[in-house]
Amino acid sequence: MKALIIGFGSIGKRHFEVLISLKKFDRIDVVSSQELGNIKTFKTLKETPLDEYDYFVIATPTALHYEQLKFIDECVNDKIIFCEKPLFEKLYDFIPKNQIFIGYVLRFHPFILKIKELTKDTKILSINAKCSQYLPTWRMGDYTKCYSAKKELGGGVLLDLSHEIDYVSWICGEFKEIKSINLKISDLKINSDDIAMIMAKTNDTIISLQMDYISKITNRQIFLDTDDFSIFADLINSKLIIADKSCEKNQIDINFERNDMFRAMHNDILNEQKIACSFKEALNVMKTIKTIQEQNNG
Numbered sequence: 001m002k003a004l005i006i007g008f009g010s011i012g013k014r015h016f017e018v019l020i021s022l023k024k025f026d027r028i029d030v031v032s033s034q035e036l037g038n039i040k041t042f043k044t045l046k047e048t049p050l051d052e053y054d055y056f057v058i059a060t061p062t063a064l065h066y067e068q069l070k071f072i073d074e075c076v077n078d079k080i081i082f083c084e085k086p087l088f089e090k091l092y093d094f095i096p097k098n099q100i101f102i103g104y105v106l107r108f109h110p111f112i113l114k115i116k117e118l119t120k121d122t123k124i125l126s127i128n129a130k131c132s133q134y135l136p137t138w139r140m141g142d143y144t145k146c147y148s149a150k151k152e153l154g155g156g157v158l159l160d161l162s163h164e165i166d167y168v169s170w171i172c173g174e175f176k177e178i179k180s181i182n183l184k185i186s187d188l189k190i191n192s193d194d195i196a197m198i199m200a201k202t203n204d205t206i207i208s209l210q211m212d213y214i215s216k217i218t219n220r221q222i223f224l225d226t227d228d229f230s231i232f233a234d235l236i237n238s239k240l241i242i243a244d245k246s247c248e249k250n251q252i253d254i255n256f257e258r259n260d261m262f263r264a265m266h267n268d269i270l271n272e273q274k275i276a277c278s279f280k281e282a283l284n285v286m287k288t289i290k291t292i293q294e295q296n297n298g
């Protein structure tokens, strides 16, 4: 098999390293304006012989996803196209003819998988998920120049940190009765939103989400309650606590590397396709995002 990676920033480089480690590909080429030494590189998609490749990885800024995904999808048949999250910067009317998967890699975090397993036959009463970091220290270099800071590039917490929307809907079901606050509230030198607070319901579950660029205490946490047990997951400090009705606590510690999730995701896409986010699921995330944007005059 042959793979093509479009974009070679930090996330493109990570995908390149992960695909090499899978040892499934005879060749991995790149579309990038950079000079990459021994890596075969094309400057643009239009000059790339797309029919030669079996697996495509779109790892460019969000605002380029629609144009690049549409172009590749029109040029090839019976291929697998992976696109980094979020799917697009806004909702488009697009029906693909190839298999498309989206890079919501947190589905492959050991704690998310454990929560999915523990709750598969259980009514979830409530879930609260929070992801916070301080943009100037999260993004390398001048944060004002990164795509996260620029609304026109698809930046802002609602799109940038939409992992929470994806994995919560994957675990609990489609969001309904959405209420939200989504805006720029801080003194950060950005034109994108820096906080999103979302309340929603599924058929059985009350949902509360917060994503922001403003917290100087980095955190990514989940609180989940059922009638029989409660779960606390700290994805930053790799700690999972399960408490039963007697409030007895059992802590699970799992050591893993970030690239383990990426390897598991690409392996799933290339084989069983049981966990990775499908195009349809990513489209539902975009519909939720659109609802929130419309509620906040976006």
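The numbering of the sequence shown is full-length UniProt numbering, which starts it at 1 and goes up by one. Yeah, the Cβ is synthetic: ideal placement off N, Cα and C, and Gly gets one too.
**Message:** I need the straight-line Cα distance from Asp78 to Lys97, nearest angstrom please.
**Reply:** Working through the sequence shown from its first residue, we reach residue 78 at position 78. Working through the sequence shown from its first residue, we reach residue 97 at position 97. Those two C-alpha atoms are separated by around 8 Å.
**Prompt:** Among all the DSSP beta bridges, which residues are the ones paired with Ser169?
**Reply:** Locating residue 169 in the sequence shown gives position 169, where the first residue counts as 1. In the DSSP output, where bridge partners are listed per residue, Ser169 has none listed.
**Item:** Asp78 - DSSP class collapsed to helix/strand/coil
**Value:** What you label residue 78 is simply residue 78 of the sequence shown in a count that begins at 1. Assigned with DSSP and collapsed to three states, Asp78 falls in coil, not helix or strand.
**Request:** Just list the alpha helix (DSSP H) runs in the stretch 111-173, keeping only unbroken ones of 4 residues or longer that don't cross its boundaries, in chain order.
**Result:** 135-138, 157-160, 163-172
**Pick from Ile100, Leu87, Tyr104, Met261 that is closest to Glu74, judged by C-alpha positions** = The residue labelled residue 74 in the question sits at position 74 within the sequence shown. The shortest C-alpha separation from Glu74 is found at Ile100.
**Item:** Segment contact, 8 Å Cβ cut-off, at least three pairs: the stretch 175-188 with the stretch 249-263
**Value:** no
**Request:** Report the option in Phe279, Asn182, Lys114, Ala149 whose CA atom is closest to the CA atom of Asp234.
**Result:** Walking along the sequence shown from the start, residue 234 turns up at place 234. It is Lys114 whose Cα lies nearest to the Cα of Asp234.
**Request:** Count the other C-beta atoms from every protein chain shown that fall within 10 angstroms of the C-beta of Lys85, then say buried if there are 16 or more, exposed otherwise.
**Result:** To locate residue 85, count along the sequence shown from 1; it is residue 85. That one is buried.
**Request:** Write down the C-beta distance between Ser180 and Gln295 rounded to the nearest angstrom, noting that I regard them as a contact closer than 8 Å.
**Result:** As a position in the sequence shown, residue 180 is number 180, starting the count at 1. As a position in the sequence shown, residue 295 is number 295, starting the count at 1. At roughly 5 Å, the Cβ-Cβ gap stays under 8 Å, so Ser180 and Gln295 are in contact.
**Request:** Please state if the CB of Lys201 and the CB of Leu164 are separated by a distance shorter than 7 Å.
**Result:** Walking along the sequence shown from the start, residue 164 turns up at place 164. Walking along the sequence shown from the start, residue 201 turns up at place 201. Going by the sequence as given, residue 164 is Glu instead of Leu. Result no, Cβ atoms of Glu164 and Lys201 do not sit closer than 7 Å.
**Request:** Kindly indicate the opening and closing residues of the beta strand (DSSP E) around Glu294.
**Result:** Translated into the one-based positions of the sequence shown, residue 294 becomes position 294. Glu294 -> not in any beta strand (DSSP E); alpha helix (DSSP H) instead, spanning 279-295.
**Request:** Could you check the C-alpha separation between Gln221 and Ile214 for me, to the nearest Å?
**Result:** What you label residue 221 is simply residue 221 of the sequence shown in a count that begins at 1. What you label residue 214 is simply residue 214 of the sequence shown in a count that begins at 1. Each residue's Cα considered, the two are about 16 Å apart.
**Asked** In this structure, does DSSP put Lys245 in helix, strand or coil?
**Response** Numbered from 1 along the sequence shown, position 245 holds the residue referred to as residue 245. DSSP, reduced to helix, strand and coil, places Lys245 outside both helices and strands of the structure shown, so it counts as coil.
**Beta-bridge pairing of Leu87 - partner residues as DSSP gives them** = Here residue 87 is taken as the residue at index 87 of the sequence shown, counted from 1. Bridge partners of Leu87: none, in fact.
**Message:** Only counting the same chain, and skipping five residues up and downstream in sequence, which positions put a Cβ closer than 8 Å to that of Leu45?
**Reply:** In the sequence shown, counting from the first residue as 1, residue 45 sits at position 45. Within the same chain, Leu45 has close Cβ partners Ile6, Val31, Gln68, Phe71, Ile72.
**Message:** Looking at Lys151: is its Cβ nearer than 7 Å to the Cβ of Ser208?
**Reply:** Taking the sequence shown and counting its residues from 1, the one referred to as residue 151 is at position 151. Taking the sequence shown and counting its residues from 1, the one referred to as residue 208 is at position 208. Their beta carbons are not under 7 Å apart, which means Lys151 does not touch Ser208 by this criterion.
**Request:** Could you pull out every residue in the same chain whose Cβ sits closer than 7 Å to the Cβ of residue 385, ignoring the five residues on either side in sequence?
**Result:** What the structure shows of the chain is the stretch from 1 to 298, and residue 385 is not part of that stretch, so it cannot be assessed.
**Asked** Which of helix, strand or coil does DSSP assign to Lys70?
**Response** Locating residue 70 in the sequence shown gives position 70, where the first residue counts as 1. Residue state, collapsed to three classes: helix.
**Request:** Measure the Cβ-Cβ separation of Leu91 and Ala282 and say whether it is below 7 Å.
**Result:** One-based indexing of the sequence shown puts residue 91 at position 91. One-based indexing of the sequence shown puts residue 282 at position 282. Not a contact, by the Cβ cut-off of 7 Å.
**Prompt:** With distances taken between CB atoms, is the gap from residue 354 to Val57 smaller than 7 Å?
**Reply:** For residue 354 there is no data in the structure shown, the boundaries of the chain being 1 and 298.
**Message:** Just to confirm before moving on: does the CB-CB distance between Gly155 and Ser148 stay below 7 Å?
**Reply:** Numbered from 1 along the sequence shown, position 155 holds the residue referred to as residue 155. Numbered from 1 along the sequence shown, position 148 holds the residue referred to as residue 148. Yes; because the gap between Cβ atoms is below 7 Å, this pair is in contact.
**Request:** For Met140, count neighbouring C-beta atoms within 10 Å of its own C-beta (all shown protein chains included) and say buried if the count is 16 or more, exposed if not.
**Result:** For this step, residue 140 is matched to residue 140 along the sequence shown. It is exposed - the Cβ of Met140 has fewer than 16 other Cβ atoms within 10 Å.
**Asked** Does the Cβ of Asp142 have 16 or more other Cβ atoms within 10 Å, making it buried, or fewer, making it exposed?
**Response** Here residue 142 corresponds to residue number 142 of the sequence shown, with the count starting at 1. Exposed, since its Cβ has fewer than 16 Cβ neighbours within 10 Å.
**Item:** Reference Phe262, options Gln34, Gln133, Phe16, closest by Cα
**Value:** If you number the sequence shown from 1, residue 262 lands on position 262. Taking only the C-alpha atoms, the option nearest Phe262 is Phe16.
**Request:** Could you pull out every residue in the same chain whose Cβ sits closer than 6 Å to the Cβ of Ile102, ignoring the five residues on either side in sequence?
**Result:** Here residue 102 refers to the residue found at position 102 when the sequence shown is read from its first residue. So the qualifying residues of the chain are Cys83, Lys85, Leu87, Cys277, Ala282.
**Request:** Please name the residue or residues paired with Tyr92 in a DSSP beta bridge.
**Result:** Along the sequence shown, one-based indexing puts residue 92 at 92. According to DSSP, Tyr92 bridges with nothing at all.
**Message:** Taking a contact to mean a Cβ-Cβ separation below 7 Å, would you say residue 340 touches Ile275 in this structure?
**Reply:** The displayed coordinates of the chain run from 1 to 298. Any statement about residue 340 would go beyond what the structure contains.
**Lys201, DSSP secondary structure in three states** = Along the sequence shown, one-based indexing puts residue 201 at 201. The three-state reading of DSSP puts Lys201 in strand, counting E and B together.
**Prompt:** Candidates Glu248, Asn271, Leu153, Gln273: which alpha carbon is nearest Tyr64's?
**Reply:** For the purposes of this step, residue 64 is identified with residue 64 of the sequence shown, where counting begins at 1. For the record, residue 64 in the displayed sequence is Leu; it is not Tyr. Measuring from the Cα of Leu64, the nearest candidate turns out to be Leu153.
**Message:** Rounding to the nearest angstrom, what Cα-Cα distance links Gln34 and Thr226 in this structure?
**Reply:** Along the sequence shown, one-based indexing puts residue 34 at 34. Along the sequence shown, one-based indexing puts residue 226 at 226. The alpha-carbon atoms of Gln34 and Thr226 are separated by roughly 51 Å.
**Message:** Restricting to Cα atoms, I'd like to know which of Trp138, Asn203, Asn219 is closest to Gln210.
**Reply:** As a working mapping, residue 210 is identified with position 210 in the sequence shown. In terms of Cα proximity to Gln210, the closest of Trp138, Asn203, Asn219 is Asn219.
**Asked** What are the residues that DSSP puts in a beta bridge with Asn271?
**Response** One-based indexing of the sequence shown puts residue 271 at position 271. Beta-bridge pairing links Asn271 to no other residue.
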